[in-house]
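Heads up, the thing below is written out as structure tokens.
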Amino acid sequence: MRTEMGLDTLAFHTIAIMAADKEVTAPVLGDFTPCGTAELVYAVHCGCDAIKYKICAGGLTSDVTSATINWAGAGVDGPVVKTIELTEVVNPCNEEESTWQACGCWTRDDETEPLTGMIADQLLTGDLYVNIATVDNPFVGITGGEIRGQLVLLA
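Note that our numbering has the sequence shown beginning at 59, numbered continuously upward.
Following this line, the structure appears as structure tokens:
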């Protein structure tokens, strides 16, 4: 969805619903049913680009080892373009339940993985996905992980 936020600002909203059945290589789950969501908002303001993100995952088989944004279409593994650190949040009512979460902002000034115009274009055309890997379902090279979701532009 494109939103005009001011005289010189445009925002594009994308979302991904993450699930194990979206992984190219099937993860080992046992009795677990992992799932997650990712929301990315790409904002352009006076020539400055930024992507704000919010990611949440739960029901995972084990601790998260990596969370990434990757470049590829649905059903294909692709290279990492952004690494995101997730934090475990324990449910205060049940210490055996937890979710993994991250909120942040990705810009052209990122020292290790800068946002580029080409990456932003891929976000808007649906060629980026979010992948979360765990101890039990690791990310090896460009393959693997426990849950994955393709980022799609909201209409």
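We put the CB at the ideal spot given by N, CA and C, even for glycine.
Using CA atoms only, rank isn't needed, just tell me which of 202, 181, 178 and 111 is closest to residue 77. Indexing the sequence shown from 1 puts residue 77 at position 19. Ranking the options by Cα distance to residue 77, first place goes to 202.
What is the DSSP secondary structure of residue 62, reduced to helix, strand or coil? The residue given as residue 62 occupies position 4 in the sequence shown. At residue 62 the pLDDT is 47, less than 50, meaning the model places this residue with poor confidence; the figure from the coordinates comes in the next sentence. DSSP places residue 62 in strand when its eight states are reduced to three.
By the DSSP assignment, the alpha helix (DSSP H) with residue 182 in it spans what residues? Residue numbering aside, residue 182 sits at position 124 when the sequence shown is read from its first letter. It spans 175-182 - the alpha helix (DSSP H) in which residue 182 sits, taken as one unbroken run.
Residue from 171, 136 and 85 whose Cα sits closest to the Cα of residue 119: Counting from 1 along the sequence shown, the entry for residue 119 is found at position 61. Closest option to residue 119, Cα to Cα, is 85.
To the nearest angstrom, how far is it from the Cα of residue 64 to the Cα of residue 111? The residue labelled residue 64 in the question sits at position 6 within the sequence shown. The residue labelled residue 111 in the question sits at position 53 within the sequence shown. In this prediction, residue 64 scores a pLDDT of 48, lower than 50, which makes its location untrustworthy; no coordinate-derived value is stated.
Given residue 143 as reference, the closest of 128, 149, 156 and 162 once Cα atoms are compared: Start at 1 with the first residue of the sequence shown, and residue 143 comes out as number 85. Of the candidates 128, 149, 156 and 162, the one whose C-alpha sits nearest the C-alpha of residue 143 is 162.
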